[in-house]
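Undergrad: Residue numbers (my numbering): 23 to 376.
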C-alpha cells in the first residue's frame, strides 16, 4: 500500500452547465471569505441576492459552450493529469485530484487519505502565482481537514512556481509550435485578475505595491508575494524562452467581477490599443491557467476573438494551456521526485544529528 500521496488542487467547476448547478457553484465559490474579503453579512447579501441570482444564467450559458461529453474541461483535464502523474510515480504513490469548489471536492480527497497508510503528503495547488483567493484558500482547507486525522502525515506544499524553469519550459514547449503555426505578430499574456486591495495587502512595507508604474519590474522583498509582480516576472521568463523581443508581447488581466478596482491593464481594454499599434494576428497565452477552462476557452477563444474581429483585427488565437501534455506531467513528476529526495536528505541529516 502506498505510503506517499500527492494532492493536486485546482479551483473547480459546476457539476453541470445548468443554471441550478452554476448557482450552487457560485454560492460556494464566492462565499469563501478569501475570495470576497468583506464582512460576512455584506458577502452573504452580495452573493445570494445579487451575484448568484443574476450571474448564474449568463455563466451557465458560457459553460454550455465549452462543456464536453465527459464533463467540465477543467475536471477532465485534471483527472488526465492525475492519471499520468500516477503512472509516472508508480505504486509507491497515491495521486489524488481535489477541487477547492465543486466536485471532486478537496475535502473528500483529504478524507480518502484517512483510509490509507499515508506517511508523506505532497500538496500541489495548481496555481502558478500566489494569491490569497486561490493558493491560501486551498491550503486552508487542506490543513483544516488534516486536523481531523489522528496520524497527520508529513506535509510539503509546492507553490508559487510562476518562474520555475520546469514550468516555463513546459509552457514554452507547448506554446512554441502553436505560435509558429499561427504566425502571430504579437503575443498577449493574459492572467486572471485580482482586486487591487488583495495585492497591496501583502506588501509588508505598505510603500511598494501599486505605488509606481515600475513596482512590478522586478521581484523584491516587498512584492515577493505580489500576484501582479509574479505575473510580470512570468511574462518576462516566457518571453525569453519563446524568443520574443520587447514590443512583441504584452501583459494584461482578465475576468473582473464587481465594481472594485482590479489590477491593470485589463485584457478587454488593451485589445483596442494593440489594434491601434498595428497588430493584426494576436496570440493569447494564459499562464494563470495550467488547464484550459471557461476563462480560456470561452472568455478568450470565443469572446475576445469576437471582440478582436469587431475591432478589425485579422485573427486572435488562444494558445492552449499545458493541460495533460507529457512535458507538463514530467515537470509535475519531477517536482514531486525532487521533494521526495529533499525529504530523504533532511531525514538522513536529522538521524545523523541524533
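Ideal placement from N, C-alpha and C gives every residue a C-beta, glycine not left out.
Tell me which same chain residues have a C-beta within less than 6 Å of the C-beta of residue 374, skipping the five on either side of it?
TA: Because the pLDDT of residue 374 is 44, which lies under 50, any placement of that residue in the model is unreliable, and the number read from its coordinates should be weighed accordingly. Closer than 6 Å at the Cβ level, and outside the excluded window around residue 374, lies no residue.
Undergrad: Restricting to Cα atoms, I'd like to know which of 258, 281, 278 is closest to residue 270.
TA: Residue 258 is the option with its Cα nearest to residue 270.
Undergrad: Quick one: residues in its chain with C-beta nearer than 7 Å to the C-beta of residue 96, no 5 flanking neighbours on either side, listed in chain order?
TA: 32, 35, 313, 315.
Undergrad: Suppose the cutoff is 7 Å on Cβ atoms and the five residues either side in sequence are ignored; what does the same chain contact list for residue 88 look like?
TA: Answer for residue 88: 95, 316, 319, 320, listed in chain order.
Undergrad: What are the boundary residues of the beta strand (DSSP E) that includes residue 134?
TA: Premise fails: residue 134 lies in the alpha helix (DSSP H), 128-135, not in any beta strand (DSSP E).
Undergrad: Would you kindly check if the distance between the Cβ of residue 81 and the Cβ of residue 57 is under 7 Å?
TA: No, the pair does not count as a contact, with Cβ atoms beyond the cut-off.
Undergrad: Would you kindly report the start and end of the unbroken alpha helix (DSSP H) that includes residue 191?
TA: Residues 187-204.
Undergrad: Do residue 197 and the ligand COA come close, with the Cβ less than 6 Å from some heavy atom?
TA: The ligand COA is not part of the structure shown, which contains no ligands of any sort.
Undergrad: Could you pull the start and end residues of the beta strand (DSSP E) that residue 271 belongs to?
TA: Run containing residue 271: 271-276, per the beta strand (DSSP E) assignment.
Undergrad: According to the neighbour-count rule (16 or more other Cβ atoms, all chains shown, within 10 Å of its Cβ), is residue 347 buried or exposed?
TA: Buried: at least 16 other Cβ atoms inside 10 Å.
Undergrad: Kindly indicate the opening and closing residues of the alpha helix (DSSP H) around residue 97.
TA: Counting along the chain, the alpha helix (DSSP H) containing residue 97 begins and ends at 95-111.
Undergrad: Alpha carbon to alpha carbon, how far is residue 231 from residue 7? Give it in angstroms, no decimals.
TA: Nothing about residue 7 can be reported from this structure: the residues present for the chain run from 23 to 376 only.
Undergrad: Would you please state the rounded distance, in angstroms, between the beta carbons of residue 108 and residue 115? I believe it to be under 8 Å.
TA: Indeed, because the Cβ distance is near 7 Å, the residues count as touching under 8 Å.
Undergrad: Nearest by alpha-carbon distance to residue 51: which of 336, 159, 309, 221 is it?
TA: The shortest C-alpha separation from residue 51 is found at 159.
Undergrad: Runs of 3 residues minimum, wholly inside the segment 269-326: which ones carry the beta strand (DSSP E) assignment?
TA: Listed in chain order, the complete beta strand (DSSP E) runs (minimum 3 residues) inside the segment 269-326 are 271-276, 303-307.
Undergrad: From the DSSP output, read off the bridge partner residues of residue 331.
TA: The partner list for residue 331 (beta bridge, DSSP) is empty, contrary to what the question assumes.
Undergrad: Are the CB atoms of residue 209 and residue 282 within a distance shorter than 7 Å?
TA: No, these two residues do not count as a Cβ contact at 7 Å.
Undergrad: Straight-line CA distance for residue 59 to residue 123?
TA: Taking the straight line from one Cα to the other gives about 17 Å.
Undergrad: Between the C-alpha atoms of residue 24 and residue 140, what's the straight-line distance to the nearest angstrom?
TA: Spanning the two alpha carbons is a distance of roughly 7 Å.
Undergrad: Tell me the rounded alpha-carbon separation between residue 130 and residue 54.
TA: Answer to the nearest angstrom: the Cα atoms are 18 Å apart.
Undergrad: Leaving out five residues before and five after residue 337 in sequence, what residues of the same chain have Cβ atoms less than 6 Å from its Cβ?
TA: For residue 337, where only same-chain residues beyond five positions count, the Cβ hits under 6 Å are 303.
Undergrad: Contact criterion: CB-CB distance below 7 Å. Does residue 298 meet it with respect to chain D?
TA: You won't find chain D in this structure, because it holds only one protein chain.
Undergrad: Compare the beta carbon distance of residue 260 and residue 193 with 7 Å and say whether it is the shorter of the two.
TA: A contact, by the Cβ cut-off of 7 Å.
Undergrad: Can you tell me which of the three DSSP states residue 66 falls into?
TA: In this structure, residue 66 counts as helix in the three-state DSSP scheme.
Undergrad: Closest to residue 46 by C-alpha separation, out of 161, 30, 76, would be which residue?
TA: If we check each option's Cα against that of residue 46, 76 comes out closest.
Undergrad: Assess contact between the segment 240-250 and the segment 219-227, defined as three or more Cβ pairs (one per stretch) separated by less than 8 Å. Is contact present?
TA: Yes, since at least three Cβ pairs between the segment 240-250 and the segment 219-227 fall closer than 8 Å, the two stretches touch.
Undergrad: Just grab the DSSP bridge partners of residue 148 for me.
TA: According to DSSP, which records beta bridges pairwise, residue 148 is partnered with nothing at all.
Undergrad: Could you spell out where the beta strand (DSSP E) holding residue 31 opens and where it closes?
TA: Where residue 31 is concerned, the enclosing beta strand (DSSP E) stretches over 26-35.
Undergrad: Going by DSSP in three states, residue 40 sits in which element: helix, strand or coil?
TA: Coil at residue 40, not helix or strand.
Undergrad: If you follow the beta strand (DSSP E) that residue 208 is part of, which residue opens it and which one closes it?
TA: Per DSSP, residue 208 belongs to the beta strand (DSSP E) from 208-214.
Undergrad: For residue 189, does the count of other Cβ atoms within 10 angstroms reach 16, so buried, or fall short, so exposed?
TA: By the 10 Å Cβ count, residue 189 comes out buried.
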